[in-house]
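Chemist:
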Amino acid sequence: MTILYEDADILAVDKPAGVLTPAAAEIIGREPAHRLDRDTSGVLVFAKNAAALEFLRKAFTNREVKKTYLAFVYGVPTEKKGVITFPIGRSRKDFRLRSAQPKARGTLREAITRYEVIGEDSAHALLKVMPETGRTHQIRAHLKAIHHPIVGDPLYAPNRPDSLHLGRLGLHAYQIDLPLPAGGRKEIIAPIPEAFTALQAKFARG
């Protein structure tokens, strides 16, 4: 895994798609400050000491961390910018899934996801996605809830073809802007995956 940033307190890497966060932590030998789904690539931050871990986890909990993802989705949202605020619970149909439906199982937790269409073709869109909360599968469940699931999502769009030939989930944790334990803030960017780059140019809005 490529190191994106390191100081005395934190280490940020570019996690490949297909790697679980606990497996990445074992490789790095540090505690993760947050999690990425196995099939999501991008910025993953680790703490190098106990004080930094506590600081970072509080920063995530208190919404002091700004996260930006890139997502390829099926269809083109009518609203080019929007905020999805459906609470998230557990799916009644599959224990692996989260649901943004009113009849979801268990406690419904607040979830806020902002998005912006930054590119499109006739059947897909490229979104910039900014989750303000950090629920499990939040982006995936929210985009499914507005009928634009992520391309290649084996859980939330299992019967859809990989119509962009990504060969993976079309979700990348592109950027994190976070406070540092030593003071100040740091913006960390994970390079756009090779599978995304040609499509990104194709989808560029004029």
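In this text, residue positions in the sequence shown follow my numbering: the first is 1, and each later residue adds one.
The C-beta atom is built at its ideal place from N, Cα and C for all residues, glycine as well.
Have a look at Glu132, Ala71, Thr68 and flag the residue whose alpha-carbon is nearest the alpha-carbon of Asn62.
Modeler: Residue numbering aside, residue 62 sits at position 62 when the sequence shown is read from its first letter. Nearest of Glu132, Ala71, Thr68 to Asn62, Cα basis: Glu132.
Chemist: Using the beta-carbon count (16 or more within 10 Å), is Ser91 buried or exposed?
Modeler: Residue mapping note: residue 91 aligns to position 91 of the sequence shown, counting from 1. With 16 or more other Cβ atoms within 10 Å, it is buried.
Chemist: Go ahead and label Ser208 buried or exposed: buried means 16 or more other beta carbons lie within 10 angstroms of its beta carbon, across all protein chains shown.
Modeler: No information on residue 208 is available, as it lies outside the stretch 1 to 206 that the chain covers here.
Chemist: I'd like to know whether the C-beta atoms of Asp39 and Leu169 end up nearer to each other than 8 Å.
Modeler: By one-based count along the sequence shown, residue 39 stands at place 39. By one-based count along the sequence shown, residue 169 stands at place 169. Cβ distance < 8 Å, so Asp39 and Leu169 count as in contact.
Chemist: Say whether the region 186-201 touches the region 46-63, bearing in mind that this needs 3 or more beta-carbon pairs closer than 8 Å, one atom from each stretch.
Modeler: No, the region 186-201 does not touch the region 46-63.
Chemist: Helix, strand or coil for Lys144 per DSSP?
Modeler: Taking the first residue of the sequence shown as 1, we reach residue 144 at position 144. Lys144 falls in the helix class under three-state DSSP.
Chemist: Alpha carbon to alpha carbon, how far is Val45 from Ala173? Give it in angstroms, no decimals.
Modeler: Mapped onto the sequence shown, residue 173 falls at position 173. Mapped onto the sequence shown, residue 45 falls at position 45. About 11 Å.
Chemist: Going by CA-CA distance only, name the one from Ile10, Ala145, Ala25 that's closest to Gly215.
Modeler: Residue 215 cannot be examined here, being either before or after the span of the chain that is shown, 1 to 206.
Chemist: In the DSSP output, what is Val13 paired with across the bridge?
Modeler: Sequence index remark: in the sequence shown, residue 13 carries index 13 (1-based). Ile3, Leu44, per the DSSP bridge assignment.
Chemist: Could you spell out where the alpha helix (DSSP H) holding Pro179 opens and where it closes?
Modeler: For the purposes of this step, residue 179 is taken as the residue at position 179 of the sequence shown. Where Pro179 is concerned, there is no enclosing alpha helix (DSSP H), although the beta strand (DSSP E) it sits in stretches over 171-179.
Chemist: Start and end of the beta strand (DSSP E) containing Lys67?
Modeler: For the purposes of this step, residue 67 is identified with residue 67 of the sequence shown, where counting begins at 1. Element bounds for Lys67: 66-74.
Chemist: Which stretch, first to last residue, makes up the beta strand (DSSP E) that contains Pro131?
Modeler: In the sequence shown, counting from the first residue as 1, residue 131 sits at position 131. From DSSP, the beta strand (DSSP E) with Pro131 extends over 124-131.
Chemist: Looking only at DSSP bridge pairs, what is Ile84 linked to?
Modeler: Mapped onto the sequence shown, residue 84 falls at position 84. Its beta-bridge partners are Thr113.
Chemist: Report the rounded CA-to-CA distance for Pro87 versus Gly106, giving the unit in angstroms.
Modeler: For the purposes of this step, residue 87 is taken as residue 87 along the sequence shown, with counting starting at 1. For the purposes of this step, residue 106 is taken as residue 106 along the sequence shown, with counting starting at 1. Answer to the nearest angstrom: the Cα atoms are 11 Å apart.
Chemist: Could you check where the beta strand (DSSP E) with Glu26 kicks off and where it finishes?
Modeler: To locate residue 26, count along the sequence shown from 1; it is residue 26. Not the beta strand (DSSP E): Glu26 falls in the alpha helix (DSSP H), residues 21-28.
Chemist: Can you say whether Asp153 is buried or exposed, counting buried as having 16 or more other CB atoms within 10 angstroms of its CB?
Modeler: As a position in the sequence shown, residue 153 is number 153, starting the count at 1. Its Cβ being crowded by 16 or more others within 10 Å, Asp153 is buried.
Chemist: Might you give, ordered along the chain, the residues of its own chain that have their beta carbon closer than 6 Å to the beta carbon of Gln175, omitting 5 neighbours on each side?
Modeler: Reading the sequence shown from its first residue, position 175 is the one you call residue 175. Cβ within range, chain order: Thr68, Ile189.
Chemist: Is Glu120 helix, strand or coil when you go by DSSP?
Modeler: What you label residue 120 is simply residue 120 of the sequence shown in a count that begins at 1. Of the three classes helix, strand and coil, the one that applies to Glu120 here is strand, per DSSP.
Chemist: Using only alpha-carbon positions, find the residue among Leu178, Ile118, Ile10, Ala100 that is nearest to Lys81.
Modeler: Here residue 81 refers to the residue found at position 81 of the sequence shown. With distances taken between Cα atoms, Lys81 lies closest to Ile118.
Chemist: Compute the distance between the beta-carbons of Leu126 and Gln200, then report whether it is under 8 Å.
Modeler: Residue mapping note: residue 126 aligns to position 126 of the sequence shown, counting from 1. Residue mapping note: residue 200 aligns to position 200 of the sequence shown, counting from 1. Cβ distance < 8 Å, so Leu126 and Gln200 count as in contact.
Chemist: Beta carbon of Asn159: closer than 7 Å to some heavy atom of the ligand MN?
Modeler: In the structure on display, the ligand MN does not appear, and there are no ligands present to speak of.
Chemist: In terms of residue numbering, what span does the alpha helix (DSSP H) encompassing Lys58 cover?
Modeler: For the purposes of this step, residue 58 is taken as residue 58 along the sequence shown, with counting starting at 1. Counting along the chain, the alpha helix (DSSP H) containing Lys58 begins and ends at 50-61.
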